[in-house]
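Contents: one structure, followed by commentary.
Number of protein chains: 2
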Amino acid sequence: MKGRRLLITGAAGFTGRHAVAYFKAAGAEVTAVVRKPSPVSAVQDGAQPYVCDLSDRKAVQAMVDEVRPDEVLHLAGRNSVPESWRDPLVYMETNVMATLYLLEGLRSRPGCRILVAGSRLKYRPGEDAGPPHPYSLSKTLEELVSLAWGTLFKQPVLLAEPCNLIGPGPSTGFCSLLAEHIVRSEAAGGAEGLPQPFKLSSRHTLRDFLDVRDAVRAYDYILKYGETGKVYKIDSGTERELGEIAGRLLALAKTPVPMDWGPEPGDHAAPPPVQSAAGKPEPPEASADNVSRLGWRAETGIEQSLADILDYYRNGKEGR
Amino acid sequence: MKGRRLLITGAAGFTGRHAVAYFKAAGAEVTAVVRKPSPVSAVQDGAQPYVCDLSDRKAVQAMVDEVRPDEVLHLAGRNSVPESWRDPLVYMETNVMATLYLLEGLRSRPGCRILVAGSRLKYRPGEDAGPPHPYSLSKTLEELVSLAWGTLFKQPVLLAEPCNLIGPGPSTGFCSLLAEHIVRSEAAGGAEGLPQPFKLSSRHTLRDFLDVRDAVRAYDYILKYGETGKVYKIDSGTERELGEIAGRLLALAKTPVPMDWGPEPGDHAAPPPVQSAAGKPEPPEASADNVSRLGWRAETGIEQSLADILDYYRNGKEGR
Numbered sequence: 001m002k003g004r005r006l007l008i009t010g011a012a013g014f015t016g017r018h019a020v021a022y023f024k025a026a027g028a029e030v031t032a033v034v035r036k037p038s039p040v041s042a043v044q045d046g047a048q049p050y051v052c053d054l055s056d057r058k059a060v061q062a063m064v065d066e067v068r069p070d071e072v073l074h075l076a077g078r079n080s081v082p083e084s085w086r087d088p089l090v091y092m093e094t095n096v097m098a099t100l101y102l103l104e105g106l107r108s109r110p111g112c113r114i115l116v117a118g119s120r121l122k123y124r125p126g127e128d129a130g131p132p133h134p135y136s137l138s139k140t141l142e143e144l145v146s147l148a149w150g151t152l153f154k155q156p157v158l159l160a161e162p163c164n165l166i167g168p169g170p171s172t173g174f175c176s177l178l179a180e181h182i183v184r185s186e187a188a189g190g191a192e193g194l195p196q197p198f199k200l201s202s203r204h205t206l207r208d209f210l211d212v213r214d215a216v217r218a219y220d221y222i223l224k225y226g227e228t229g230k231v232y233k234i235d236s237g238t239e240r241e242l243g244e245i246a247g248r249l250l251a252l253a254k255t256p257v258p259m260d261w262g263p264e265p266g267d268h269a270a271p272p273p274v275q276s277a278a279g280k281p282e283p284p285e286a287s288a289d290n291v292s293r294l295g296w297r298a299e300t301g302i303e304q305s306l307a308d309i310l311d312y313y314r315n316g317k318e319g320r
Numbered sequence: 321m322k323g324r325r326l327l328i329t330g331a332a333g334f335t336g337r338h339a340v341a342y343f344k345a346a347g348a349e350v351t352a353v354v355r356k357p358s359p360v361s362a363v364q365d366g367a368q369p370y371v372c373d374l375s376d377r378k379a380v381q382a383m384v385d386e387v388r389p390d391e392v393l394h395l396a397g398r399n400s401v402p403e404s405w406r407d408p409l410v411y412m413e414t415n416v417m418a419t420l421y422l423l424e425g426l427r428s429r430p431g432c433r434i435l436v437a438g439s440r441l442k443y444r445p446g447e448d449a450g451p452p453h454p455y456s457l458s459k460t461l462e463e464l465v466s467l468a469w470g471t472l473f474k475q476p477v478l479l480a481e482p483c484n485l486i487g488p489g490p491s492t493g494f495c496s497l498l499a500e501h502i503v504r505s506e507a508a509g510g511a512e513g514l515p516q517p518f519k520l521s522s523r524h525t526l527r528d529f530l531d532v533r534d535a536v537r538a539y540d541y542i543l544k545y546g547e548t549g550k551v552y553k554i555d556s557g558t559e560r561e562l563g564e565i566a567g568r569l570l571a572l573a574k575t576p577v578p579m580d581w582g583p584e585p586g587d588h589a590a591p592p593p594v595q596s597a598a599g600k601p602e603p604p605e606a607s608a609d610n611v612s613r614l615g616w617r618a619e620t621g622i623e624q625s626l627a628d629i630l631d632y633y634r635n636g637k638e639g640r
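Protein sequences appear in the order of chains R and P. Be aware that the first sequence starts at 1, since it is given in this note's numbering, and climbs by one per residue. Be aware that the second sequence starts at 321, since it is given in this note's numbering, and climbs by one per residue.
Quick look at the structure:
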């Protein structure tokens, strides 16, 4: 990695900020690509910021020609299911076409390894009835076009499919939302200023949570050792109920936190744990593998991740 | 069909011209969408021409709002494999994004039935190693997004997958190329002005050829009777060697035609007939059906198609 030119897209995002810090520390020459100038400061510590709208084909080619990367970590994209219902075309343009502009631009850099961050929320065309939401469609097609471009134009393209990533930083995931609620409750300092109860009716839903810093290390493994054309799943291997995660976070709260747990477990027969999308039994995919095959292991315990998320909000969203 | 507002995209193309004529004759109120004003004359006989660049999202929405179609036959798109290698992104933009702009625009016309012309050259994501060319990728994704939009937004979307379409008109298919060569040979009127020999080294390649006018009738069947979300294959059911087709066309020539047949059959052991892409044994697809299930049958004999193609070139590319 030392001295290698690594281009990271989506550098101002939740994973992007951790990735920039990690690869900088590892000695890479990091170019941190952001869409707008404003959040550049978030990634400036030692990395070279680069403002580029990836949906502008010519701007992408100009960036590739200027930066001349040896490796690319493509994290940019939209990732909100509700937003994808509101503007599905933007999801197709951002997650599919922008990725294609990047891949096409990188044809002038033969040998440049390209890791594209996919999603476990993809569907299986021809098997599943259809995508459950436009986000799923966009990530499914992003993966297909990335693998196809790799095959058609002999590009070393790799795919990663992380599970639910958690950790300090600007995430809109479940852990971050609850942690923010806890810190707001702590700040209220009394019953008067307490926020509305946090609603958690799906406490039996199972999810595999992984610390974002572990995921970034996994990206490093895939970039270094991954096999071209492969899809690498990244997970901790442990599924937990949302209720368990909530309990662990609430145990770290310094004051009482208003919660709405929905119906009492005694009210109805306890529902069976709900399989998460990631937890669905998946048929083996010829091109899919797990990053643990490359020697990577999750290292950050769930307690550490949750404590760090709380600290992030307690410190006014500073640091990672 | 009578009095129904039908919007046909790609109206100036090979199939589009036949479709406009057919549906006009059937009493539909046809809007013939063309990309540029210049070829409008080709489709003006009774149809309402409409100039629209389908890769312009706003223009597409304006067209839908103005025309307010009851049915759409989406024939527009790029369809040259060699060209798709030269500019693969244009194929993705034209065959995938433009189709999405149309589908998204039509969400304001709930109930509007939309027939999208797909291709037999698609690949099977997750099963095949990858698409053989960018054209295949673009048509595969066009089909996926069309079916997905239908599922996500409850749109009555139907897919058609025609085999090789032949007939009079501006086609760049094998039959048209050879017919044009024959007519040029006839026009030369002597050994001096004869064109270079027509090279046909793949005479054992098998293809299913169908008259374009039969295909247009099949589109009518699918629009009328097809089941939403289904893929309808359209073929004559008979595969023929390219050598047989060439022989039939040459038998209609009025003068000798210079041909280059490649190595004599006696030179090597005769190679086995080559399976065409369309002739590959395909695994059954849950969503796929054949338009013959709807009562459609091919009606135009191969002799008629070939004679009409020759006449088209003999008459200076006039008429259909």
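Every residue gets a Cβ at the ideal spot worked out from N, C-alpha and C, and that includes glycine. As the structure is a prediction and not an experimental result, all values here were calculated from the model.
Given Leu420 (chain P) as reference, the closest of P:Ile565, P:Leu485 and P:Lys459 once Cα atoms are compared | The residue among P:Ile565, P:Leu485 and P:Lys459 with its C-alpha nearest the C-alpha of Leu420 (chain P) is P:Lys459.
Please report how far the alpha carbon of Trp261 (chain R) lies from the alpha carbon of Glu403 (chain P), in whole angstroms.
-> Approximately 59 Å, taken between the alpha carbons.
Please list, in chain order, all residues of the same chain as Asp376 (chain P) whose beta carbon is under 8 Å from its beta carbon, the five residues on each side excluded.
-> If we look at Asp376 (chain P) and ignore the five residues flanking it on each side, its Cβ neighbours are Tyr421.
Of all the CB atoms in chain P, is at least one closer than 7 Å to the CB of Ala76 (chain R)?
-> Contacts with chain P at 7 Å (Cβ-Cβ) do not include Ala76 (chain R).
Taking the continuous beta strand (DSSP E) assigned at Lys139 (chain R), which residues delimit it?
-> Premise fails: Lys139 (chain R) lies in the alpha helix (DSSP H), Pro134 to Leu152, not in any beta strand (DSSP E).
Range of the contiguous alpha helix (DSSP H) that encloses Pro408 (chain P) = Counting along the chain, the unbroken alpha helix (DSSP H) around Pro408 (chain P) starts and ends at Pro408 to Met412.
Would you call Lys230 (chain R) buried or exposed, if buried means 16 or more other Cβ atoms sit within 10 Å of its Cβ?
-> Buried, because 16 or more other Cβ atoms sit within 10 Å of the Cβ of Lys230 (chain R).
Please list the segments of the beta strand (DSSP E) lying wholly inside the segment 157-243 of chain R, counting only runs of 3 or more residues, in order along the chain.
-> You should have 157-162, 164-166, 206-211, 231-234 and 239-241.
Based on Cα-Cα distance, which residue from P:Asp448, P:Leu472, P:Trp469 and P:Arg568 lies nearest to Ala148 (chain R)?
-> Checking every option, the nearest Cα to that of Ala148 (chain R) belongs to P:Asp448.
Express the C-alpha separation of Arg213 (chain R) and Glu227 (chain R) in angstroms, rounding to a whole number.
-> Taken atom to atom, the span from the alpha-carbon of Glu227 (chain R) to that of Arg213 (chain R) is near 22 Å.
Runs of alpha helix (DSSP H) wholly within the segment 46-132 of chain R (minimum 4 residues, chain order) | Runs found: 57-67, 81-86, 88-92 and 98-105.
Pairwise C-alpha distance: Leu152 (chain R) and His453 (chain P) = Taking the straight line from one Cα to the other gives about 7 Å.
When the Cα atoms are used, what is the spatial distance from Ser276 (chain R) to Gly167 (chain R)?
-> The predicted model places Ser276 (chain R) with a pLDDT of 49, which falls under 50 and marks its position as unreliable; any figure quoted below should be read in that light. Ser276 (chain R) and Gly167 (chain R) have their alpha carbons spaced roughly 20 Å apart.
Count the other CB atoms, across all protein chains shown, that sit within 10 Å of the CB of Thr492 (chain P); report buried if there are 16 or more and exposed otherwise.
-> With fewer than 16 other CB atoms across the displayed protein chains lying within 10 angstroms of its CB, Thr492 (chain P) is exposed.
Since Val350 (chain P) is in the beta strand (DSSP E), which residue starts that stretch and which ends it?
-> Element bounds for Val350 (chain P): Glu349 to Val354.
CA nearest to the CA of Leu464 (chain P), picked from P:Gly557, P:Leu479 and P:Lys356 | For Leu464 (chain P), the nearest C-alpha among the options comes from P:Leu479.
In this structure, does DSSP put Ala331 (chain P) in helix, strand or coil?
-> Three-state result, Ala331 (chain P): coil.
Using a Cβ-Cβ distance under 7 Å, would Leu678 (chain P) count as near chain R?
-> Residue 678 (chain P) cannot be examined here, being either before or after the span of chain P that is shown, 321 to 640.
Would you call the segment 116-126 of chain R and the segment 64-71 of chain R touching, i.e. three or more CB-CB distances under 8 Å?
-> The segment 116-126 of chain R is not in contact with the segment 64-71 of chain R.
Kindly say whether Gly130 (chain R), judged by its beta-carbon, lies nearer than 7 Å to any beta-carbon of chain P.
-> Yes, Gly130 (chain R) counts as interfacial toward chain P.
Opposite Leu326 (chain P) in the DSSP bridges: which residues?
-> Per DSSP, P:Val350 and P:Glu391.
Touch check for the segment 321-337 of chain P and the segment 187-198 of chain R: three-plus C-beta pairs under 8 Å?
-> Touching, no, given that fewer than three Cβ pairs across the two stretches are closer than 8 Å.
Compile a chain-ordered list of the residues in the segment 45-72 of chain R whose CB is closer than 8 Å to at least one CB of chain P.
-> The segment 45-72 of chain R vs chain P, Cβ under 8 Å: Arg57.
My understanding is that Ser236 (chain R) touches Ala298 (chain R), with C-beta atoms under 8 Å, so please give their C-beta distance in whole angstroms.
-> Cβ-Cβ separation between Ser236 (chain R) and Ala298 (chain R): approximately 5 Å, consistent with a contact (criterion under 8 Å).
Met92 (chain R) CB to nearest chain P CB: under 7 Å?
-> At least one chain P Cβ lies under 7 Å of Met92 (chain R).
Leu426 (chain P) beta carbon less than 7 Å from that of Val387 (chain P) = Result no, Cβ atoms of Val387 (chain P) and Leu426 (chain P) do not sit closer than 7 Å.
Under 6 Å Cβ to Cβ from Arg613 (chain P), same chain only, skipping five residues before and after it: list those, please.
-> Excluding sequence neighbours, Arg613 (chain P) sits near nothing in its chain.
Does the Cβ of Ala25 (chain R) have 16 or more other Cβ atoms within 10 Å, making it buried, or fewer, making it exposed?
-> The residue in question, Ala25 (chain R), is exposed, as its Cβ has fewer than 16 Cβ neighbours within 10 Å.
Name, in chain order, the residues that DSSP records as bridge partners for Asn290 (chain R).
-> For Asn290 (chain R), which the question treats as bridged, DSSP gives the partners R:Lys233.
Quick one: what's Asp580 (chain P) bridged to in DSSP?
-> Per DSSP, P:Lys519.
Tell me, please, whether the CB atom of Thr151 (chain R) is closer than 7 Å to any CB atom in chain P?
-> At least one beta carbon of chain P lies nearer than 7 Å to the beta carbon of Thr151 (chain R).
Give the range of the alpha helix (DSSP H) segment to which Glu619 (chain P) is assigned.
-> For Glu619 (chain P), no alpha helix (DSSP H) segment is defined, and its DSSP state is neither H nor E.
Would you say Ser505 (chain P) and Ile629 (chain P) are within 7 Å of each other, going by their C-beta atoms?
-> Ile629 (chain P) sits away from Ser505 (chain P), with the two beta carbons spaced by 7 Å or more.
In the structure shown, what three-state DSSP assignment does Lys24 (chain R) receive?
-> In the structure shown, Lys24 (chain R) falls within a helical segment according to DSSP collapsed to helix, strand and coil.
Name, please, each residue of chain R whose Cβ falls closer than 8 Å to the Cβ of Glu424 (chain P).
-> Identification of chain R residues near Glu424 (chain P) by a Cβ-Cβ cut-off of 8 Å yields Pro88 and Leu89, ordered along the chain.
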